[in-house]
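*Asks:* Mind looking over this structure? Questions follow.
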Amino acid sequence: MSDHPTATPAGAPPGERPAVRSAVPHGDDRRARVRRWKVSWRRRETRAAYLFLSPWIFGFVVLTAGPMIASLVLSFTNYDGIGPTSGVGLQNYQQLFEDPQVATSLSNTLLFTVLRVPLCMAVALALAMLLLRVGRAAGFFRTVFYLPVMTPSVAVGILFLLLFNGNVGLINEVLGLFGIPGPSWTTDGDWVKPGLVLTTSWALGGTVVIYFAALRNVPRDLYEAAELDGAGRWASFRHVTLPQISGALFFTLIVNTIASLQTFDEAYTAFFGTANAQTYSHEAALFYVVYLFQQAFQFMHMGYASALSWLLFALIGLITLVQVKVSKRFVYYEGDVR
């Protein structure tokens, strides 16, 4: 018991002890301080995130979103790249349905895509499965398969003319060794697109690497369970391998489809950028982006070319949407409950 009496404040009832303010903050005060500290920390993290993302945001706005908006505006104008701009409303879009070259270039591009995408995926999957069997040499062959991706597309276009020349091309020379008469790859309209498909399909190293990584992640116990159930190689491939790598297949399907719809370099270099370009069949090699390039930079119809680009954008978006919708029935992701 203290020897010093506690002073009673004036006006307080006799014998009542005064309230002593604690130096330790109450629970509500502590929670408020923690809450303020968390908010401050989140704000600092957000500012840091935007700081690191700012180069990408600047590039996207200036180099992607800005030109897209500008091309959308130009698609409603009659602009030649030099003179003044005059609005034409929907005239450019109406011309798309009246221009026979648009239908021709679209049909060439779609046929090329239908031929190239399944071929690239099938060959890449076969090569990836072979990589699984070579053991430690997989790294070397993976590099070898990827090297063609580094080849400039202009060089690939020139290589097409050298390999697929109807008279002295290497492909026809090899076919002649087996008694097979080679076609006129560069002048026969029926063989122009198959030749370009074969030429552009050799640069599939990126797809091979993706499939190889997906195949290595397939659990081995699934194959053991399938083998115990009496499944052969084909059944294991169909019911184990394909479902387990369906996500990678779906990704490469979309990427290769978009790339094929935007094919330009090889076709333009081989058929439109050479000194003797007039000797080749332009009609069969007139892909959509080639025709877009001609309208924009050869004929200086910038407004019409902008409308062409937005038609291609809509077409790619529609095809991708269909692929996404269809994929829900065939693509398996880990953790899915079917």
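So in UniProt numbering, spot 125 of the sequence shown is number 125, and the numbers just go up one at a time.
C-beta: ideal position from N, C-alpha, C; glycine also.
(1) Can you confirm whether the segment 175-187 touches the segment 290-297 when touching is taken to mean that 3 or more C-beta pairs between the two stretches lie within less than 8 Å?
(2) Would you grab the beta carbon distance between tyrosine 304 and asparagine 108 for me? Rounded to a whole angstrom, and I think it's under 8 Å.
(3) Output needed for valine 154: all residues of its chain with C-beta closer than 7 Å, excluding positions within five of it in sequence on either side, in chain order.
(4) Go to leucine 106, then tell me how far its alpha helix (DSSP H) extends in each direction, as first and last residue.
(5) Would valine 102 and leucine 96 be called neighbours here (beta carbons separated by less than 8 Å)?
(6) Measure the C-alpha to C-alpha separation of alanine 122 and serine 246 and round it to an integer number of angstroms.
(7) Verify whether the separation of the beta carbon atoms of alanine 203 and valine 149 is less than 8 Å.
(8) Where does the unbroken alpha helix (DSSP H) through asparagine 217 begin, and where does it stop?
(9) Look at the Cβ atom of threonine 113, then the Cβ atom of serine 260, and state whether they are nearer than 8 Å.
(10) So, is glycine 169 buried or exposed, given that buried needs 16 or more other C-beta atoms within 10 angstroms?
(11) Thinking C-beta only, is leucine 131 closer than 8 Å to arginine 116?
(12) Under a Cβ-count criterion, where at least 16 other Cβ atoms within 10 Å of its own Cβ denotes burial, should leucine 286 be classed as buried or exposed?
(13) Check each candidate in Ile210, Leu308, Leu161 and name the one with the smallest Cα separation from serine 75.
(14) Straight-line CA distance for serine 201 to leucine 163?
(15) With a threshold of 16 other CB atoms inside 10 Å of the CB of glycine 157, please say whether the residue is buried or exposed.
(16) At 4 residues or longer, what runs of the alpha helix (DSSP H) sit wholly inside the segment 130-156?
(17) Terminal residues of the continuous alpha helix (DSSP H) containing tyrosine 288?
(18) Under the rule that 16 or more other beta-carbon atoms within 10 Å means buried, what is threonine 151, buried or exposed?
(19) Per DSSP, what kind of secondary structure is aspartate 29 in: helix, strand or coil?
(20) Taking a contact to mean a Cβ-Cβ separation below 8 Å, would you say leucine 147 touches glycine 205 in this structure?
(21) Under DSSP, the alpha helix (DSSP H) around threonine 85 begins and ends at which residues?
(22) Helix or strand or just coil, what does DSSP make of asparagine 78?
(23) Counting only the same chain and skipping the five closest in sequence on each side, list residues whose C-beta sits under 6 Å from that of tryptophan 191.
(24) Less than 8 Å separating the beta-carbons of asparagine 256 and threonine 207?
(25) Which same chain residues, not among the five before or five after leucine 72, have their C-beta less than 6 Å away from its C-beta?
(26) DSSP state of proline 183, grouped into three classes?
*Replies:* Working from what's here:
(1) no
(2) Not confirmed; about 19 Å, so no contact.
(3) Asp265, Thr269
(4) 100-131
(5) yes
(6) 13 Å
(7) yes
(8) Neither: asparagine 217 is in no alpha helix (DSSP H) and is coded neither H nor E.
(9) yes
(10) buried
(11) no
(12) buried
(13) Leu308
(14) 14 Å
(15) buried
(16) 138-146
(17) 288-293
(18) exposed
(19) helix
(20) yes
(21) No alpha helix (DSSP H) contains threonine 85, which DSSP labels as neither H nor E.
(22) strand
(23) Pro183, Trp185
(24) yes
(25) none
(26) coil
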